[in-house]
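Residue 33 in this note's numbering sits at position 48 of the sequence shown, and the numbers go up by one each step. Structure first, commentary second.
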Amino acid sequence: MRLFVAVDLDPPAREAVAGAIAALRRHPVIVSASVKWVEPRNLHLTLRFLGEVETCAAAAAAVPLT
-14 MRLFVAVDLD PPAREAVAGA IAALRRHPVI VSASVKWVEP RNLHLTLRFL
36 GEVETCAAAA AAVPLT
């Protein structure tokens, strides 16, 4: 399982990023590129990618950071 530390976006930030993505998708250079786009509901800000870990270790680490 891939594990990372991320921050969820609030609805206004998510909408702003989704709008920027929509504009990028129409850009001529981007249109011809092989890009995998993230669905707006899956947008987040990755702070640190931790890599592949065992499922049991991921479960232990899956706590909200406050």
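All residues carry an ideal CB built from backbone N, CA and C; glycine is no exception.
ask   = Alpha carbon to alpha carbon, how far is Asp(-7) from Glu39?
value = Distance between the alpha carbons of Asp(-7) and Glu39: 23 Å.
ask   = Arg26 and Phe(-11): beta carbons closer than 8 Å?
value = The answer is no: Cβ separation not under 8 Å.
request  = Put Val48 into one of helix, strand or coil per three-state DSSP.
outcome  = Coil.
query = With distances taken between CB atoms, is the gap from Arg(-13) to Glu37 smaller than 8 Å?
reply = Taking the C-beta atoms as reference points, Glu37 is found nearer than 8 Å to Arg(-13).
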